[in-house]
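2 protein chains.
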Amino acid sequence: MIDIARDSALGTSGASALFQLLRDGQPRTRAELATLTGLARSTIALRVDSLMQLGLIRPVGEAISTGGRPSSRFALNPGARVVLGVDVGASHAKLAIADLAGTILAQHGEPLPVADGPEAVLSWVVDAGHDLLAGLGRDTADLISIGIGLPGPVEFKTGRPINPPIMPGWDRFDVPGWVQQHWPVPVLVDNDVNISAIGELATAWPDVEHLMFVKVATGIGAGVVSGGRLQRGAQGIAGDIGHVQIARGAGVPCHCGNRGCLEAMASGPAIARGLRDAGIDVQTGRDVVELVKHGNIDAVQAVRQAGRDIGEVLTACVSLINPSIIAIGGAMAQAGEHLIAGVREVVYARSMPLATEHLGIVQSRAGEDAAVLGASMLAIHHALSPASIDAMA
Amino acid sequence: MIDIARDSALGTSGASALFQLLRDGQPRTRAELATLTGLARSTIALRVDSLMQLGLIRPVGEAISTGGRPSSRFALNPGARVVLGVDVGASHAKLAIADLAGTILAQHGEPLPVADGPEAVLSWVVDAGHDLLAGLGRDTADLISIGIGLPGPVEFKTGRPINPPIMPGWDRFDVPGWVQQHWPVPVLVDNDVNISAIGELATAWPDVEHLMFVKVATGIGAGVVSGGRLQRGAQGIAGDIGHVQIARGAGVPCHCGNRGCLEAMASGPAIARGLRDAGIDVQTGRDVVELVKHGNIDAVQAVRQAGRDIGEVLTACVSLINPSIIAIGGAMAQAGEHLIAGVREVVYARSMPLATEHLGIVQSRAGEDAAVLGASMLAIHHALSPASIDAMA
Chain P
19 MIDIARDSAL GTSGASALFQ LLRDGQPRTR AELATLTGLA RSTIALRVDS LMQLGLIRPV
79 GEAISTGGRP SSRFALNPGA RVVLGVDVGA SHAKLAIADL AGTILAQHGE PLPVADGPEA
139 VLSWVVDAGH DLLAGLGRDT ADLISIGIGL PGPVEFKTGR PINPPIMPGW DRFDVPGWVQ
199 QHWPVPVLVD NDVNISAIGE LATAWPDVEH LMFVKVATGI GAGVVSGGRL QRGAQGIAGD
259 IGHVQIARGA GVPCHCGNRG CLEAMASGPA IARGLRDAGI DVQTGRDVVE LVKHGNIDAV
319 QAVRQAGRDI GEVLTACVSL INPSIIAIGG AMAQAGEHLI AGVREVVYAR SMPLATEHLG
379 IVQSRAGEDA AVLGASMLAI HHALSPASID AMA
Chain E
19 MIDIARDSAL GTSGASALFQ LLRDGQPRTR AELATLTGLA RSTIALRVDS LMQLGLIRPV
79 GEAISTGGRP SSRFALNPGA RVVLGVDVGA SHAKLAIADL AGTILAQHGE PLPVADGPEA
139 VLSWVVDAGH DLLAGLGRDT ADLISIGIGL PGPVEFKTGR PINPPIMPGW DRFDVPGWVQ
199 QHWPVPVLVD NDVNISAIGE LATAWPDVEH LMFVKVATGI GAGVVSGGRL QRGAQGIAGD
259 IGHVQIARGA GVPCHCGNRG CLEAMASGPA IARGLRDAGI DVQTGRDVVE LVKHGNIDAV
319 QAVRQAGRDI GEVLTACVSL INPSIIAIGG AMAQAGEHLI AGVREVVYAR SMPLATEHLG
379 IVQSRAGEDA AVLGASMLAI HHALSPASID AMA
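Protein sequences, first through last, are from chains P and E. Numbering-wise (my numbering), the first sequence opens with residue 19 and increments by one. Numbering-wise (my numbering), the second sequence opens with residue 19 and increments by one.
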């Protein structure tokens, strides 16, 4: 039995199983699609017709039939349309154009403070998106949907940021509405760590059901996949582990207003601050990564300690959700194995043996592309859902 | 659109949506069932026929048709068969007979140490089960399936306990195989806290998608429902929060072999030990509850501190999975509001406002019945799944 629950990693309904089946590029008949999805033949026939009319799937060869005329096989036509995947970080933004199979065709990134506000950042997205499309010789009409990751809590249903701590001017801003003034297509907005988890899963762990993606950068957060689904939680803020208090943090003030938070001790800026206090000239997390790459022992030790701090919080996470993969990403993961070694040291020492026996704690395989990939996957998945196809047809 | 994901709280496939629809007792036609589940009409017709032949559903009245002959409506026949739900605790066991709607018809419990080993405990289950059935005037042939909760990690797929710390003789014991020598029906075995989460959800929170059930008794553990599904994790040990280290626990040895675990500080025996160290004559957690009920100030303070310790771990859980309900159950929850007050004190002080704005931290509503109810639900759900019905037909 094929695992049609997999599609719901993107948080949409099981009805998009049809598209998931076609997405692998393997041609299938209507009868095969009905059997594999459990949907009625009449439903499959309608969906196939809609997808054909939109050019999203195409007939490929014919199947040998047990009698009567041969049945047509269909497969995804990945180049038919494109999506835009956007990753807005605290101080840097990136966007990519991907085809319907999730292959990135072009991408571009540059420093851009999210604190410049939504209109400045989204204007850049629109301009850079047009440039990327033009560079590929594609038209705005080829764009089928847009996925955007933002560095703060987002109400997924409406695409509005909710009290984002490092995003002045963005609170409850109608991101989809603004972008749709320029591109009248579906716009999906989610937390950048959630979309990174989707990107990591799609890139490197297609068969994993329980995965945590942990981003360690200006902030610290996690995307949680349990039972093959991205879990957003009751308020959409599942994975917000940066403000869990840790033992070493006692009394240290955090920008959230609380004290002793993980983020105040182990984020890029926190590690840099610790090194400055020790008389070392660093400004940002990226400076720390450079020092580590040059073998600076103080920087190596500070990064390893940050890994231990993160491991302290992840130990509770491992006990609670029992993942099989923890993928560590974000700018600080570029410091090589030192950060992960600290995480492993604590998680393996403190967890129950059964929980860690088959647990992999690894550097993100999707790396710096995790977020734009995940944003693209979110956009593709939504665009090819039955409701969207019905709306287009 | 009806939420057919709800059925998967019990961890089975979406195909049992049909039964979930019928379980509410509302009569529906084949056409309505096809529309609501998205399953093919031919599939629905086959399932309805099988369920009718087994007497599990019955025709009730006729629907007004748009033409032609009237369509029959069907509803669950709750009294057709019964299930047995079993809750084996560390020192006490309980079992219940429930109908197919999950209504408990009879129950019985008595002190029984799980450390007596699987054959002694399961022999008691068989004897007491026969007595309960006889008392209801039901026959063994009426029993359609059995759900069993055990106080340790269980490999759900095989029903075997895996390295259970407080269950000598049970490691990898074939629980379903042994029980089936006496009752040849499906036997589902899971961790007692997981089944309690299912029972709590079914009893009191039918619309909640993100819930934690925390059992505080001889041990401490949690059942995690995320996205409407019980999450067992990669090794089936999700929710095993009793061995997360807490600040106050530094150095205190735990029976797991580690130090400073939550369970070594805040379980019933740990609270009793703390009070004995202060010169108060208590042996068990239940003694502590009695003292609290009599207003003993030392006992009240100890229970409240245990609540704070539990809150320390739950703060990380709240950040990670963002539940809307945390239900506290187990013997120590009988100490009234004192335990929960301690939990709330820490969780509300340390969590991000958005995570706690709509978070309820409450005493379990299913109470002492949570586990037998959940075991019954697990049994019902499995028995009425398409695969089981096909096997019976």
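We put the CB at the ideal spot given by N, CA and C, even for glycine. Being a predicted model, the structure only gives us computed values, none of them experimental.
Just to confirm, is the Cβ distance from residue i to residue j under 8 Å?
i, j, result
"E:Ala116", "E:Thr221", "no"
"E:Ala256", "E:Arg250", "yes"
"E:Ser337", "E:Ala367", "no"
"E:Thr333", "P:Val365", "no"
"E:Leu150", "E:Leu118", "no"
"E:Gly103", "E:Ser382", "no"
"E:Val361", "E:Gly325", "yes"
"E:Ile75", "E:Leu40", "yes"
"E:Pro287", "E:Gly303", "yes"
"E:Asp258", "P:Met370", "yes"
"P:Asp67", "P:Gly167", "no"
"P:Val197", "P:Ile162", "no"
Applying the 10 Å Cβ sphere with the 16-neighbour rule, what's the burial state of residue i?
i, result
"P:Gly43", "exposed"
"P:Asp295", "exposed"
"P:His400", "buried"
"P:Thr236", "buried"
"P:Gln71", "exposed"
"E:Ala320", "buried"
"P:Asp225", "exposed"
"P:Ile343", "buried"
"P:His312", "exposed"
"E:His376", "exposed"
"E:Leu94", "buried"
"E:Lys233", "buried"
"P:Pro171", "buried"
"P:Ala397", "buried"
"P:Gln199", "exposed"
"E:Thr55", "buried"
"E:Leu402", "buried"
"P:Ala345", "buried"
Can you tell me which residues form a DSSP beta bridge with residue i?
i, result
"P:Glu173", "P:Arg178"
"E:Val270", "Partner(s): none; E:Val270 has no beta bridge."
"E:His126", "E:Leu113"
"P:Gly103", "P:Ala114, P:Gly165"
"E:Arg247", "E:Ser244"
"P:Leu94", "P:Ile75"
"P:Gly239", "P:Lys233"
"E:Arg277", "E:Pro271"
"P:Gln263", "P:Cys279"
For residue i, report the span of its alpha helix (DSSP H) as first-last.
i, result
"P:Leu74", "Per DSSP, P:Leu74 belongs to no alpha helix (DSSP H) and is neither H nor E."
"P:Val232", "No alpha helix (DSSP H) contains P:Val232, which is instead part of the beta strand (DSSP E) from 229–234."
"P:Val193", "193–198"
"E:Arg326", "315–339"
"P:Arg291", "286–295"
"P:Ala49", "48–55"
"P:His356", "355–368"
"P:His470", "No statement about residue 470 of chain P is possible, as the shown extent of chain P runs from 19 to 411 and does not include it."
"P:His148", "136–153"
"E:Ala373", "371–374"
In the DSSP assignment, find the beta strand (DSSP E) that holds residue i and state where it starts and stops.
i, result
"E:Arg304", "It is not in any beta strand (DSSP E) - E:Arg304 instead sits in the alpha helix (DSSP H) that spans 303–311."
"E:Gln381", "378–381"
"P:Gly347", "343–347"
"P:Asp208", "205–209"
Practice task
Quick one: which residues of the stretch 367–393 of chain E get their C-beta closer than 9 Å to a C-beta of chain P? List them in chain order.
Solution key: Ala367, Arg368, Ser369, Met370, Pro371, Leu372, Ala373, Glu375, His376, Leu377
Exercise for the section: Residues of the stretch 312–337 of chain E with a CB closer than 7 Å to any CB of chain P: list them in chain order, please. Expected result: Val331, Thr333, Ala334, Cys335, Ser337
Handout entry: Within 7 Å of chain P by C-beta, residues of the stretch 241–252 of chain E in sequence order
Key = Val242, Ser244, Gly245, Arg247, Gln249, Gly251, Ala252
Handout entry: Proximal residues, the stretch 40–69 of chain P versus chain E, C-beta separation under 8 Å
Key = Ala52, Gly56, Leu57, Ala58, Arg59, Thr61
Exercise for the section: Report the residues of the stretch 257–268 of chain P with a CB closer than 7 Å to any CB of chain E, ordered along the chain. Expected result: Gly257, Asp258, Ile259, His261, Val262, Gln263, Ala265
Handout entry: Residues of the stretch 172–188 of chain E with Cβ closer than 8 Å to any Cβ of chain P, in chain order
Key = Ile180, Asn181
Problem - Interface positions of the stretch 266–293 of chain E facing chain P (Cβ-Cβ less than 8 Å), listed along the chain - result: Cys274, Asn276
Handout entry: Interface positions of the stretch 227–240 of chain P facing chain E (Cβ-Cβ less than 8 Å), listed along the chain
Key = Glu227, His228, Ala240
Problem - chain E contacts from the stretch 339–361 of chain P (Cβ-Cβ distance under 8 Å) - result: Ile339, Asn340, Pro341, Ser342
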